[in-house]
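Numbering (this note's numbering), first residue to last: 489 to 700.
Idealized CB from N, CA, C, for every residue including glycine.
Since the structure is predicted, the reported quantities are computational estimates derived from the model, not experimental observations.
Input: a single structure, listed below in structure tokens.
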């Protein structure tokens, strides 16, 4: 019997390479993106649903990219349009650190808590006949490169985020993975992962899931 995993995140789940200029929009192939690398490691007993939206936040509309960047909207859509799923992997928080959102570490964690509340709510758990959640802290953010102007103060907050997310996961009794222990963003744009880091993260995710 197969199991289905839904990977819910932003551009680093979508598979966007480091951007050399604003507006550059590309995507790594299936042999490179971490969700598909993860799936390959997990084997044929798993099915993958990729849901990575560049710009997505935990709970914030974006004044530039639009209101649909609110992850709470996106998660409800994903859980109502896909499934049944057995595992939800959430890796969000990077875009919340953009200067124009003005979000503190506590506010980012609160946004993630809101997503957990949605996912753990009785209607969605019943709809999918129950599913587990893996909470992932995203990699560090660098205040350099292509998107430097929009990342004032993001590096300091990003350094504090994994510990805060780990506390949230522990409070909810959820498994946790710190992506920053395995990968780092490219200095090209300060946000996105290069090909090798995608592959490395995919292996780490698969190992974590296999051990659940």
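When the Cα atoms are used, what is the spatial distance from residue 531 to residue 691? Counting from one through the chain shown, the residue named residue 531 turns up at place 43. Counting from one through the chain shown, the residue named residue 691 turns up at place 203. About 12 Å.
Segment contact, 8 Å Cβ cut-off, at least three pairs: the stretch 544-552 with the stretch 576-588: yes
Taking the straight line between their C-alpha atoms, what separation do you get for residue 516 and residue 678? Sequence index remark: in the chain shown, residue 516 carries index 28 (1-based). Sequence index remark: in the chain shown, residue 678 carries index 190 (1-based). Residue 678 has its alpha-carbon roughly 17 Å from the corresponding atom of residue 516.
Run through DSSP, which three-state label would residue 597 get? For this step, residue 597 is matched to residue 109 along the chain shown. Residue 597: helix per DSSP, three-state reduction.
Are the beta-carbon atoms belonging to residue 509 and residue 548 less than 8 Å from one another? Translated into positions along the chain shown, residue 509 becomes position 21. Translated into positions along the chain shown, residue 548 becomes position 60. Not in contact: residue 509 and residue 548 (Cβ atoms no closer than 8 Å).
Assess contact between the stretch 644-655 and the stretch 621-630, defined as three or more Cβ pairs (one per stretch) separated by less than 8 Å. Is contact present? yes
If you count every other CB in all the chains shown that lies within 10 Å of the CB of residue 639, and 16 or more means buried, which is it? Residue numbering aside, residue 639 sits at position 151 when the chain shown is read from its first letter. Residue 639 should be labelled buried.
Select from 511, 669, 527 and 584 the residue whose C-alpha is nearest the C-alpha of residue 697. The count along the chain shown starts at 1 and reaches residue 697 at position 209. When each option's Cα is compared against that of residue 697, the closest is 527.
With DSSP as the reference, label residue 535 as helix, strand or coil. To locate residue 535, count along the chain shown from 1; it is residue 47. Looking at residue 535 - three-state DSSP - the assignment turns out to be strand.
Between 645, 621 and 676, which has its C-alpha nearest residue 693's C-alpha? Translated into positions along the chain shown, residue 693 becomes position 205. Checked all of 645, 621 and 676; the closest Cα to residue 693 is 621.
Would residue 687 be called buried (16 or more neighbouring beta carbons within 10 Å of its own) or exposed? Counted from its first residue, the chain shown places residue 687 at position 199. The residue is buried, with at least 16 neighbouring Cβ atoms inside 10 Å.
In terms of residues, what are the limits of the beta strand (DSSP E) holding residue 578? Your numbering for residue 578 matches position 90 in the chain shown. Boundaries of the beta strand (DSSP E) around residue 578: 575-579.
Using a Cβ-Cβ cut-off of 6 Å (strictly less than) and excluding sequence neighbours within five positions of residue 524, which residues of its own chain qualify? To locate residue 524, count along the chain shown from 1; it is residue 36. Only residues of its own chain outside the window of five on either side were considered, and among them 518 have a CB closer than 6 Å to the CB of residue 524, listed in chain order.
Do you know offhand how far residue 634's Cα is from residue 676's? Along the chain shown, read from residue 1 onward, the residue named residue 634 stands at position 146. Along the chain shown, read from residue 1 onward, the residue named residue 676 stands at position 188. The alpha-carbon atoms of residue 634 and residue 676 are separated by roughly 6 Å.
Comparing alpha-carbon positions, which option in 550, 596 and 588 lies nearest residue 655? As a position in the chain shown, residue 655 is number 167, starting the count at 1. For the residues 550, 596 and 588, the minimum Cα distance to residue 655 belongs to 596.
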